[in-house]
Each structure stands twice: as C-alpha cells, then as structure tokens.
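Notes follow the structure.
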Amino acid sequence: MICEECGITIADTARFCRACGMPVLDALEQPLPPQEDALCAHCGQTLPAGARFCGKCGTAAPPAVYCFACGRRITPDSAFCSICGAKQTVSPGEEA
Ligand SMILES: [Zn+2]
Ligand SMILES: [Zn+2]
Ligand SMILES: [Zn+2]
C-alpha cells in the first residue's frame with residue numbers, strides 16, 4: 137500500500153510508515169497475526185518469551201529476533217521478515 141503522508145510504498149502489514157512514521161490507518165483496523173511461540177529445536181517444547189533455555193531438556197534457546205519494521209518475532213537467521221518482508225539488516229550474533 138501507499139503511505140498517505142509521504143507516498144512511499146510500504147508493506148501491506150506495516151502499521152507505521154517506515155519513512156515518515158505515520159500510522160497506517162487501514163492497518164490499524166486489522167488485528168496483528170498471532171505471535172508465534174518459540175519452540176525448542178531439540179524437543180519441540182514451547183518456550184516462553186525470553187526463555188534462554190528449554191525448560192524440558194535444557195537446550196539453549198536461540199535469542200529472540202524481532203523484525204525492525206513490524207516487530208514480529210522472526211527466526212534469527214532469516215534475512216527477510218516472514219510477515220512483512222522487510223530486509224533485516226542486523227545479522228545474528230552481533231547482539232552483545
Ligand atoms: Zn510515510
Ligand atoms: Zn527442549
Ligand atoms: Zn516484519
């Protein structure tokens with residue numbers, strides 16, 4: 137869709153224009169897709185938000201990575217957001 141304020145093309149699922157920050161009114165009417173739970177890569181146990189280790193098997197959980205554009209959780213190694221398609225500029229592992 138097009139930002140009414142500055143006219144750039146933004147993702148249909150975006151709630152704010154990435155250029156000027158204007159809230160996208162159409163999107164505000166739409167509920168966000170449900171947040172995906174993180175799953176343990178080892179046993180498949182659902183991990184609570186912010187968990188660093190699986191409560192069932194103790195496997196270290198991957199750090200949560202969120203799309204800078206839409207704020208949804210994405211897989212740490214994905215180059216593009218699976219929800220809004222924004223290219224992720226922060227590479228995994230850079231987090232201190
Ligand atoms: Zn704009
Ligand atoms: Zn586990
Ligand atoms: Zn996104």
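FYI, in the working numbering the residues of the sequence shown are 137 to 232. All residues carry an ideal CB built from backbone N, CA and C; glycine is no exception.
Ligand 2 has a heavy atom closer than 6 Å to the beta-carbon of T195. Within 6 Å of the C-beta of C153 there is not a single heavy atom belonging to ligand 3. R151 and G143 have their alpha carbons spaced roughly 15 Å apart.
With a cut-off of 6 Å, the C-beta of A200 is classified as distant from ligand 3, since no heavy atom of the ligand falls inside that distance. Annotated three-state conformation of F152 is strand, per DSSP.
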